[in-house]
Amino acid sequence: MLSNTAGYQDRIGMTRTLVIANQKGGVGKSTSVMNLSIALAAHGQRVLLVDLDPQGGLTGAFGLDSYNMQHSAFSLLMSAHPSVGRVLYKLRERLALVPASLDLAAAEIRLANAPQRALRLRQALQQNPTPFDFILIDTPPGLGVLTANGLVAADEVIIPVQCQYLAMRGVRALLETVVRVRKHLNPSLRLGGVFATMYRPNSTHAREVVEEMRAVFGHKMFRTLIHYDEAVAEAPVAGVSLLEYAPTHPVAQGYRALAEEVAGGG
Ligand SMILES: Nc1ncnc2c1ncn2[C@@H]1O[C@H](COP(=O)(O)OP(=O)(O)OP(=O)(O)O)[C@@H](O)[C@H]1O
Ligand SMILES: [Mg+2]
19 MLSNTAGYQD
29 RIGMTRTLVI
39 ANQKGGVGKS
49 TSVMNLSIAL
59 AAHGQRVLLV
69 DLDPQGGLTG
79 AFGLDSYNMQ
89 HSAFSLLMSA
99 HPSVGRVLYK
109 LRERLALVPA
119 SLDLAAAEIR
129 LANAPQRALR
139 LRQALQQNPT
149 PFDFILIDTP
159 PGLGVLTANG
169 LVAADEVIIP
179 VQCQYLAMRG
189 VRALLETVVR
199 VRKHLNPSLR
209 LGGVFATMYR
219 PNSTHAREVV
229 EEMRAVFGHK
239 MFRTLIHYDE
249 AVAEAPVAGV
259 SLLEYAPTHP
269 VAQGYRALAE
279 EVAGGG
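Numbering-wise (the numbering used here), the sequence shown opens with residue 19 and increments by one.
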């Protein structure tokens, strides 16, 4: 648990940028970003979230309306002089969000043929050094230009895998994309790790998926298993994370343990 500073970085002035990606929809990307960010901030880390999903799942989970945002990640991708400071919203102590807005979908179309289209977010973040320890980027499902911007901007990719039939299939395509991004656009991108979500301990099949993940990813698989529980879906309705809504819930404890593993991986 996060009761001590073991595993947490003590480097001053270094930002670790993590992108949470899985091309499959509904695997727990946004839920994981939200809960990890709360766990990291509670542990004294300064965290900036970037929501790159036009559907705004992460933005909405924090109670903001992505249909009505004045400032959003759109301008980080599209503006000639992007300013991170102008588009971030303070959510909690040590936690801020660059929200999504619906026009991110338009950005996807407008960037389709733009030169250096996948480099936009990276350039915006590089031009705006921020005092954050972590930047966590939430991506939409699919492997389009928005997800590509997340991968190119990040130091590490973290992949949640749902403990379900065929879950590993989409991960292969994502890993191939990671290899391509590393080769052409972001040589320093590395696999931060893979973790299992929506794990049902009573399901033989779920256990088999976890075994397959361990066999494929070895030490790159985080030890923590995030269990399936209906309470996880209820928390965002209140605009708060599970960690705040039900701090002693086993899934909340899981996310705290996962945050510790993630933080220790720098
Ligand atoms: N551990 C869990 N147990 C039960 N339900 C979960 C769990 N994690 C996430 N959920 C629920 O599953 C749904 C999908 O989760 P989430 O939105 O985080 O996935 P996502 O990968 O971000 O989806 P998308 O690809 O559409 O952005 C949500 O309703 C969420 O509340
Ligand atoms: Mg999402």
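The beta-carbon is built from N, C-alpha and C at its ideal position, and this holds for glycine as well.
Inclusion of I244 in the 7 Å shell around ligand 1 follows from its C-beta lying nearer than that to a non-hydrogen atom of the ligand.
DSSP, reduced to helix, strand and coil, places L113 within a strand of the structure shown.
The C-beta distance from F213 to T195 rounds to 19 Å, too long to meet the 8 Å contact threshold. For the region 53-101, the continuous alpha helix (DSSP H) assignments of 4+ residues that do not extend past its boundaries occur at 75-79 and 91-96, in sequence order.
Taking the Cβ atoms as the reference, L276 lies roughly 7 Å from L54, within the contact range of under 8 Å. Beta bridge pairing from DSSP links K108 with A114. With three or more CB-CB distances shorter than 8 Å, the region 113-122 counts as touching the region 82-96. Residue side-chain check: Q73 places its Cβ nearer than 7 Å to a non-hydrogen atom of ligand 1. Residue environment analysis places P147 among the exposed positions, since fewer than 16 neighbouring C-beta atoms fall within 10 angstroms of its C-beta. Secondary structure in the region 217-272: the alpha helix (DSSP H) runs of 4 residues or longer, each lying completely within the stretch, are 222-235, 248-252 and 260-263 in chain order. Straight across, the Cα-Cα distance linking F152 with L36 is about 7 Å.
Excluding sequence positions up to five before and after A191, its CB lies within less than 8 Å of the CB of Q41 and L161, all in the same chain and listed in chain order.
The three-state reading of DSSP puts V37 in strand, counting E and B together. Here the C-alpha atom of T49 lies approximately 13 Å from the C-alpha atom of I176. For S221, the closest alpha carbon among the candidates Y183, A136, P158 and V189 is that of Y183. The beta carbon of M186 lies closer than 8 Å to those of V179, V227, E230, M231 and V234 in the same chain, with the five residues before and after it left out.
Taking M96 as reference, the option from A124, E248 and F150 with the minimal CA-CA separation is A124. In the structure shown, the three-state DSSP call for G188 is helix. Residues of the same chain with a CB within less than 6 Å of the CB of R112, apart from the 5 flanking positions on each side, are A59 and R64 in chain order. Placement of the Cβ of L76 at a distance of less than 7 Å from at least one heavy atom of ligand 2 is found. If you look at L154, you'll find it in the beta strand (DSSP E) that goes F152 to D156. The Cβ atoms of I38 and D173 do not sit closer than 8 Å to each other.
In this structure, A130 keeps its C-beta atom at 8 Å or more from the C-beta atom of V105.
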